[in-house]
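Shown next, in structure tokens, is the structure this report addresses.
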Amino acid sequence: MTSNQNRTCYLHIDLDAFFASVEQLDFPEYKNKPVIVGGKPEDRRGVVSTCSYEARKFGVHSAMPIFKAYQLCPQGIFLRGRMKRYQEKSKEVMNLFYNYSPEIMQISIDEAFLDLTGTERLFGNPTDTAKKIKDDIYEKTGLTVSIGVASSKYLAKIASGLRKPNGLFVIPYGKEQEFMFTLPIEKIWGIGNKTRERITEAGFYTIKSIYDASEELLVSLFGKCTGKFLYNTVRGINNDTFSGKPKSQSISEEQTYPRDITEEYIIDTALLELCSNCMFRMLSEKKNSKTICVKIRYEDFTTVTIQETFQHTIKSIEELFENAKNLFYQKYERGRGIRLLGVGFHNIQNGIDDPQGELFDFGEKKKQAIEKTILELKQKNPKIPITKARLIDWFLFYSNGAKYPVESFPERLCK
Ligand code: TTP
Ligand code: MG
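Whatever position you read off the sequence shown (first residue = 1), add 19 for the working numbering.
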């Protein structure tokens, strides 16, 4: 796959037979055996969470009742599962992704999208990056993944499922529609069984036949939402199924912490890191905004977001940090453990009001800005033991070393 500055490029990474693979990793005696996670045969109501590829050969699959799995594969190794361990391995894998892209979107315990758009100069061709990631994950965690590479998240998601396990499938840029035509209708991601039935009942048996129908016809048959979705999807057009807000309207950074955080100085350091990331992205993408958003996810997953629009554009890390911190403390319920923090800009505009070009100086000036922020932090809160070294220690401690230290942001993101 080739890419240049104008092309988007996404990876979808999905661990293979995740829970079962972790069991095979931790208990080598289960290797190459049919492992079925979800319950013991005597747990009459149990359901299969997942099973190893060895068990899949017997017809066992996720969501199947355990008793049925036992009928199909009585020699299987049936396990109730160890969720804590799976979460631990999931974090290990997810943290590795930050070495390859600053933009990670985790969509489940074992799946994530990596936005590789524009990273070619740093990391090389996306296909090679995908291979490197596969090797890296295997070497560092002992687990295998399947990766899809495409110009949209939607297509990358479909692609990752096509060569499982331990697979890599690349949809070359410009070949999206051709690729869609090779798929059976069942592979259209995002439609349920009922809709699929309606599609075949309406006489569509191939993706090409849907392609040949007009948008009006599809909308009249399946409703506005599904009709438009089908019309675009069969054309290989980027659906925003996974996109949330359009990329051009917001830029945000968030981080899930391996341990819940409560201490004020850790929170401030975390916010500072997020603000630094966010500001560098705004500057490197030549955007500006007056609207700041802060997201807090507590240990029990309850999530609060706070947003404020200011009179003028936010021009520095310091300014962003001070305002983000104010917003944060307006809503934070002191003492509650935080598992995730996010900082972002909304309603972003193109261009930047920077006649001297100072904001694009990613070298010394930005480093100085970070140092100044740290200094001010210390002056205002003498008890906070923040130093540049402390920041780096903090990253290593809280991000398992996966995140790069602040002073390398300009080099990594803006080369
Ligand atoms: P999946 O990625 O859907 O499945 P998988 O990783 O086991 O297998 P593969 O990707 O190779 O097809 O789900 C990830 C984990 O989520 C899975 O290991 C167990 C859990 N899970 C359930 O608990 N119940 C379910 O119904 C599914 C589909 C998954
Ligand atoms: Mg998986």
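All C-beta atoms, glycine included, are put in the ideal place defined by N, C-alpha and C. Model, not experiment: these values are computed from the prediction.
Any non-hydrogen atom of the ligand TTP within 6 Å of residue i CB
| i | result |
| --- | --- |
| residue 37 | yes |
| residue 129 | yes |
| residue 88 | no |
| residue 71 | no |
| residue 269 | no |
| residue 183 | yes |
| residue 82 | yes |
| residue 68 | yes |
Proximal residues to residue i (C-beta, below 8 Å), its chain only, five neighbours per side dropped
| i | result |
| --- | --- |
| residue 115 | 152, 155, 156, 159, 160, 421 |
| residue 27 | 134, 136, 170, 171, 257 |
Delimiting residues of the beta strand (DSSP E) encompassing residue i
| i | result |
| --- | --- |
| residue 328 | 322-328 |
| residue 169 | 164-169 |
| residue 444 | Nothing in the structure corresponds to residue 444, since the chain is present only between 20 and 434. |
| residue 74 | No beta strand (DSSP E) holds residue 74; the alpha helix (DSSP H) holding it covers 72-75. |
| residue 30 | 29-34 |
| residue 364 | 357-365 |
| residue 130 | 130-134 |
Residue i classed as buried or exposed, judged by whether at least 16 other C-beta atoms fall within 10 angstroms
| i | result |
| --- | --- |
| residue 430 | The pLDDT assigned to residue 430 is 28, lower than 50, so where the model puts this residue is not dependable; a value taken from the coordinates is nonetheless given after this. Flag for residue 430 reads exposed. |
| residue 244 | exposed |
| residue 39 | buried |
| residue 107 | exposed |
| residue 255 | buried |
| residue 127 | exposed |
| residue 306 | buried |
| residue 179 | buried |
| residue 211 | exposed |
| residue 320 | exposed |
| residue 343 | buried |
| residue 148 | buried |
| residue 300 | buried |
| residue 196 | exposed |
| residue 150 | exposed |
Contact set for residue i: own chain, Cβ-Cβ below 6 Å, skip 5 residues either direction
| i | result |
| --- | --- |
| residue 37 | 129 |
| residue 457 | Residue coverage of the chain in this structure runs from 20 to 434, which leaves residue 457 outside it and unanswerable. |
| residue 238 | 246 |
| residue 105 | 38, 41 |
| residue 368 | 307 |
| residue 83 | 67 |
Residue span of the alpha helix (DSSP H) that contains residue i, given as start and end
| i | result |
| --- | --- |
| residue 179 | 172-179 |
| residue 437 | This structure cannot speak to residue 437, because the chain is shown only from 20 to 434. |
| residue 88 | 85-91 |
| residue 155 | 145-160 |
| residue 107 | 102-116 |
| residue 182 | Here residue 182 belongs to no alpha helix (DSSP H), and DSSP marks it neither H nor E. |
| residue 346 | 336-350 |
| residue 38 | 37-45 |
| residue 200 | 195-200 |
Residue i: CB within 6 Å of a non-hydrogen atom of the ligand MG
| i | result |
| --- | --- |
| residue 34 | yes |
| residue 134 | no |
Same chain, Cβ closer than 7 Å to residue i, neighbours up to 5 away in sequence not counted
| i | result |
| --- | --- |
| residue 125 | 113, 131 |
| residue 340 | 290, 291, 294, 392 |
| residue 208 | 173, 176, 177 |
| residue 227 | 200 |
| residue 138 | 120 |
Expected contact under 8 Å - CB spacing of residue i and residue j to nearest Å
| i | j | result |
| --- | --- | --- |
| residue 32 | residue 164 | 5 Å |
| residue 249 | residue 270 | That pair is no contact at about 31 Å. |
| residue 56 | residue 95 | Rounded, the Cβ-Cβ distance is 10 Å, inconsistent with contact. |
| residue 324 | residue 312 | 6 Å |
Cutoff 7 Å: residue i Cβ touching any chain C Cβ
| i | result |
| --- | --- |
| residue 149 | The chain labelled as chain C is not found in the depicted structure, where only one protein chain is given. |
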